[in-house]
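S.K.:
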Amino acid sequence: MKVAITDEGEIGREIAKNVSTEVVVLDNPSKVYSLKPDVVIHTLEVNYYEAERNRPHAWNINTWLTVNLARAASKVGAVNVLISSFMVFNGRRGYYKETSTPEPLNYYGITKLAAEMGVSALGNFLILRTGAIYSLSYRGFLFPYIRSLLLKGIAKCNQEFYISPISVRTLAKVIAQLLHKGATGVINVGGRRIDLCTFMRNVAEATGGNVMEVAGRKMDFSIDDWLLRTFDIKVNFENELGETLHGRTNHEGEDTAPA
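Just so you know, the sequence shown maps onto residues 1 to 259 in my numbering.
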């Protein structure tokens, strides 16, 4: 099996470490036709913060390029794996299922939802609606909070903001496991529901620093991982946080990620 990723960023590099097969990088449809991968994992994206600053660029990368690469992949018989986001939802309800109705509140979410629609229309796809992806360097939604904690020793956050965090390392392992199991369709991928302040306090226990609660409206972007668990995959939040911050790994329990 030949796996293609669409950039050499942090998620792409972690995926390459976890799939026991040839991994190639492609960034335009012509390379899809020449390399003929069996799987195309769409790792290239304009992140949440940059998407709001440069909407045309975000649309061109997150939607237009993704769908065009997916069309080429579909023509050579490849499975399209799209890394989507909890940001396709509105945060009013929480515990979102794969069947919940998307309603993005920001432009990043709009680009991801549009990409979902384009990719799913082609068939033979795996769409991963991820929780809040993080690492010490990954520039996702949680990055400013982690960066502030590391550089300034303090993180200000809303305790009424709920997420389902997942580390870059764990996400890559889950993708590898789902590919091995032949999963298709839409699958939520994230850890247990936790409020932002409690998550950051867990980070602060390892890195040092303080977490300050600030007032904010309640928003719940947690996702239901029931379908993921039917594949015997469960994201262990405490374990993956330790692995990300300290390199610790726990091998106990069911086919957990990290494993």
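Ideal placement from N, C-alpha and C gives every residue a C-beta, glycine not left out.
In whole angstroms, what separates the C-alpha of V168 from that of N188?
M.R.: Each residue's Cα considered, the two are about 15 angstroms apart.
S.K.: Taking buried to mean at least 16 other C-beta atoms within 10 Å of its own C-beta, is I154 buried or exposed?
M.R.: Its Cβ having fewer than 16 others within 10 Å, I154 is exposed.
S.K.: Which of the three DSSP states, helix, strand or coil, is assigned to M1?
M.R.: Coil, per DSSP.
S.K.: Using a Cβ-Cβ distance cut-off of 8 angstroms, determine whether K97 contacts chain B.
M.R.: Protein chain content of the structure displayed is limited to a single chain, and chain B is not contained in it.
S.K.: Taking buried to mean at least 16 other C-beta atoms within 10 Å of its own C-beta, is R129 buried or exposed?
M.R.: The residue is buried, with at least 16 neighbouring Cβ atoms inside 10 Å.
S.K.: Look at the alpha carbon of W59 and the alpha carbon of T111, and state the distance between them as a whole number of angstroms.
M.R.: Each residue's alpha carbon lies about 6 angstroms from the other.
S.K.: From A204 to L149, what distance separates their C-alpha atoms?
M.R.: In a straight line, the C-alpha of A204 is about 7 angstroms away from that of L149.
S.K.: Thinking C-beta only, is L26 closer than 8 angstroms to A4?
M.R.: Yes, they are a contact pair.
S.K.: For L122, which residues from the same chain have a beta carbon less than 7 angstroms from its beta carbon, with the 5 sequence-adjacent residues on both sides left out?
M.R.: For L122, where only same-chain residues beyond five positions count, the Cβ hits under 7 angstroms are A70, R71, S74 and N80.
S.K.: Thinking just about the alpha-carbon of each residue, which of H180, L228 and R192 is nearest to the one in L241?
M.R.: Comparing Cα-Cα distances from L241 to each of H180, L228 and R192, the minimum goes to R192.
S.K.: Could you work out which residue in I41, V88 and F86 is closest to R67 when comparing CA atoms only?
M.R.: At residue 67 the sequence reads Val, which differs from the Arg that was named. When each option's Cα is compared against that of V67, the closest is I41.
S.K.: Taking K156 as part of the beta strand (DSSP E), name the residues at either end of that continuous run.
M.R.: Per DSSP, K156 belongs to the beta strand (DSSP E) from I154 to C157.
S.K.: Since G109 contacts I166 with CB under 8 angstroms, what's their CB separation in whole angstroms?
M.R.: With a Cβ gap of about 17 angstroms, G109 and I166 do not count as contacting.
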